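First comes the structure, then the notes that go with it.
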Amino acid sequence: MTVPLEKSAMLLWLLVITFAAAPRGTLSQIEMVTTGPREGTVSGSFLLTCTVKGAPLDSPYYDWNCVRLSPGGELQFLGWIYPFGNNTGYAPSFQDRVTISADKAKNKVSLQLHALRATDRATYFCARQHTI
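According to mature numbering (1 follows the signal peptide of the UniProt record, and there is no 0), the residues represented by the sequence shown are -28 to -1, 1 to 104, in order.
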């Protein structure tokens, strides 16, 4: 049995744009490009990677969140990473199955979901959050 991972999960990592970090009168141009599988196998795992362009991954002003949207419309928070301080945190319901990591040299955030279940069918997103 396979668990489809919506194509938009690879194309549409949600970007939360905050204007407080940009100088007055400017907008930051940030692009997030994702790569990953289209489906996974039940009890297997999948890795989704988001490459950030136009913003430093390890800025003290941002952390990066991973969320998913189920086919029924439920938005679920999986976890976050703060590359500047090398900190992570996970939602209690996912902490045993999710790993979020950052490669500062390549400006990438990765989400790995282990022990896939049929209920993991969703669109997965990455969101930048202003920390200050």
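Beta carbons: idealized from backbone N, C-alpha and C, even for Gly. As the structure is a prediction and not an experimental result, all values here were calculated from the model.
In this structure, I72 and L83 form a Cβ contact; the two beta carbons are roughly 6 Å apart against a cut-off of 8 Å. Nearest to C22 by alpha-carbon distance, out of P55, T13, G16 and N79, is N79. Residue nearest to F18 within the set P9, G44, G26 and R40 is P9 (criterion: CA-CA distance).
Y96 is the residue among L47, Y96 and G26 whose C-alpha sits nearest the C-alpha of L20. Counting only runs of 4 or more residues that sit fully inside the segment 45 to 104, no alpha helix (DSSP H) segment turns up. For D35, the three-state secondary structure derived from DSSP is strand. Of the residues assessed, D35 falls on the buried side of the cut-off, its CB having 16 or more other CB atoms within 10 angstroms. Within its own chain, the residues whose Cβ lies closer than 8 Å to the Cβ of T103, once the five positions on either side in sequence are excluded, are P32, Y33, Y34, D35 and Y54, listed in chain order.
Inclusion of D30 and F56 in the CB contact set at 8 Å is warranted, their separation being smaller than that value. Distance from the CA of I2 to the CA of A27, rounded to the nearest whole angstrom, comes to 6 Å.
A straight line joining the alpha-carbon of V5 with that of C98 spans about 10 Å. Within 10 angstroms of the beta-carbon of V24 lie 16 or more other beta-carbons, which makes it buried. Leaving aside the five residues that flank W52 on each side, the residues in its chain whose CB is nearer than 6 Å to its CB run, in chain order, D35, N37 and G61.
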